[in-house]
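Numbering (our numbering), first residue to last: 480 to 1106. For glycine and all other residues, C-beta sits at the position ideal for the given N, C-alpha and C. For clarity, every value in this text was computed on a predicted model and none was experimentally measured.
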């Protein structure tokens, strides 16, 4: 989306020769077009440099991304008016709302969508990106030689700033944005604490360089491409013992060593490599699209409640200085009344309070004092450093020194006193067992099973317990009878759980002017009630015919390993060669299976009538590889 269609779009610095030079106006000097271009280039470069180096880049205001219904056309993406600064320092303004229908975009970019599909069901990631565009406009007549064409008589007199909104398969590289976020997260990731000995500046600098060693050491650059996932710029966490004084050191290293590694444009020299046009853009959002294949191509899925998901987590934003000022002032207000970070500890009672003399915030050396220790009472007596227990919940304790080991506290004469532990009485004899068990505990016998008498004193090998005449008795195992016939519709090899042929049949396809019909042989359906649904010719690939098939299979998901055998049939009416393929996997659900056969013909199936036939056999087997 853009507001103009320029005949010669210009990017920042497209006509640049040397951004470090400006015109030295001298009396009598003849000036040409190149002098004015050079003067504009120098002034524009300095302005972009100021924005790029000091302000950064990102969305300044507006440019909200909204997904909404577009009538019968499905979903559309709408971008509200707003402004952003690009990594090159170029401002871009979107004056009016911009809309794009997503289904139309998917149909117009079929090859791009096919290359970027992932997952099942199909999903596609598109990145909404804003970039700058310049348009040559306002044609005026120019002098020149006679006998020129109309195009040579006019030339544009103005360059208009414009914008471009794209849906891309890859986002622009925003290494500086991701590195800045990672650096701040690393710097604020651990609570500032004091250690002994305190962490000095040299140790802190060494820890910071170690965290960024993959970037500072050119022999081992990070492998994670920024357009796939944000790279890890700083590893680990801030070392223990760092304090606020070392934050100034961290910011100095960010400016002098780290930021030059990750800037969108590596330095400010006149020979610096320009930002690639695709990367001189601002990411607005990532759109995750749930898709479904149709006869015309990929479209948004109607089976999903929200087929479009908007992710703006990696979108860079640029706050105004006034906003930062207000945040800082409000943060300072919230700190009112915060205590000092090294108040002197009080370890004994009876100390007076002291306001302290430190000039640090909240007087870091003040003390609050401590109360005088009250006298102990109740069950306790003495002082805190020599406590005595005189009673237990108000009952006097008369046990200052136990006489012998093994004594216990015994309540006697209104107080707890030490006494020897009395001997335990002998245990009572256990009664004999009753019910299903008889006899004493140490020599019992099972006489019944849940009240039914058990009469099997002398069992023989391989005998079983059988209920006969009100008793469980030991009898011989009866001879096995014939195995029951297997049930269900399948042809098996070995046991029913090893291998089964669940469906088979012959499919005849008739195609007439791109429309298809399928017929089963026999007409009532093949083995396993194999049936063919309506075939469909791929309009984008007229050599491809898609034939959905369905068969009835009991407990379809019990044996998940399905094999489909496809055999083409050559008939006298066959006009050209073709090959059948299984498209994706067999889907098993409930009492049926569904799969699709792709017929790849040697010629395009567009006009005329064609007949194709093939045989189908579907089998399944159990996976015996795992225990």
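Check, Outcome
"Cβ distance (whole Å) where residue 1031 is taken to contact residue 1007 below 8 Å", "6 Å"
"Beta-carbon proximity list for residue 885, same chain, < 8 Å, skipping 5 on both sides", "899, 900"
"Alpha-carbon spacing of residue 946 relative to residue 913, whole angstroms", "22 Å"
"Same chain, Cβ closer than 6 Å to residue 1056, neighbours up to 5 away in sequence not counted", "1081"
"Beta bridge counterpart(s) of residue 642 as assigned by DSSP", "611"
"Cutoff 7 Å; reference residue 967; Cβ partners in own chain excluding five residues on either side", "Caution is warranted here: a pLDDT of 44 is assigned to residue 967, below 50, making its placement in the model unreliable, and the coordinate value is therefore given only provisionally. Counting only Cβ-Cβ distances below 7 Å, and skipping sequence neighbours, we find 1033."
"For residue 872, the three-state DSSP class (helix, strand or coil)", "coil"
"Whole-angstrom C-beta distance between residue 830 and residue 849, which should lie under 8 Å", "5 Å"
"Backbone CA spacing between residue 533 and residue 742 [nearest angstrom]", "12 Å"
"Between the CA atoms of residue 661 and residue 600 - distance to the nearest angstrom", "34 Å"
"Member of 715, 711, 694, 696 whose CA lies at the smallest distance from the CA of residue 686", "715"
"At least 3 beta-carbon pairs within less than 8 Å: the stretch 1040 to 1047 vs the stretch 1017 to 1025", "no"
"Straight-line Cα distance separating residue 695 from residue 760", "27 Å"
"Three-pair Cβ contact test at 8 Å for the stretch 765 to 783 versus the stretch 506 to 526", "no"
"Residue 1062 Cβ short of 7 Å to the ligand MG heavy atom set", "This structure does not include the ligand MG; it has no bound ligands of any sort."
"Among 735, 949, 921, the one whose alpha carbon lies nearest that of residue 931", "949"
"Close-in-space but distant-in-sequence residues of the same chain around residue 632 (CB under 8 Å, 5 per side omitted)", "620, 621, 623"
"Cβ neighbours of residue 595 in the same chain (closer than 6 Å, five flanking residues each side left out)", "603, 648"
"Identity of the residues DSSP links to residue 853 by a beta bridge", "DSSP, once it has assigned bridges, lists no residue as partnering residue 853."
"Contact belief for residue 1109 with residue 563 at Cβ below 8 Å, rounded distance in angstroms", "As displayed, the chain neither begins before 480 nor continues past 1106, which places residue 1109 out of reach and without an answer."
"As assigned by DSSP and simplified to three states, the class of residue 1013", "coil"
"Chain E contact for residue 629 (CB, 8 Å cutoff)", "This model lacks chain E altogether, as it is built from one protein chain only."
"Residue burial classification, residue 1069 (beta-carbon count within 10 angstroms, cutoff 16)", "exposed"
"Paired residues, beta bridge with residue 792 - DSSP", "For residue 792, which the question treats as bridged, DSSP gives no partner whatsoever."
"Cutoff 6 Å; reference residue 711; Cβ partners in own chain excluding five residues on either side", "none"
"C-alpha distance - residue 1086 paired with residue 1051, whole-angstrom precision", "20 Å"
"Minimum C-alpha distance to residue 651 - residue among 936, 605, 825", "605"
"Backbone CA spacing between residue 933 and residue 908 [nearest angstrom]", "28 Å"
"Contact under 8 Å by Cβ, residue 557 with residue 576", "yes"
"Cβ-based neighbour list, residue 889, same chain, cut-off 8 Å, excluding 5 preceding and 5 following", "895, 896, 897, 898"
"Beta-carbon proximity of residue 1009 to residue 1095, cut-off 8 Å", "yes"
"With 16 other Cβ atoms within 10 Å as the buried cut-off, status of residue 1083", "exposed"
"Extent of the continuous alpha helix (DSSP H) to which residue 1033 belongs", "Here residue 1033 belongs to no alpha helix (DSSP H), and DSSP marks it neither H nor E."
"Length-filtered (3 minimum) beta strand (DSSP E) runs lying within the stretch 766 to 791", "777 to 779, 787 to 790"
"Nearest candidate by alpha-carbon position, reference residue 985, set 1076, 613, 951", "1076"
"Beta-bridge pairing of residue 578 - partner residues as DSSP gives them", "557"
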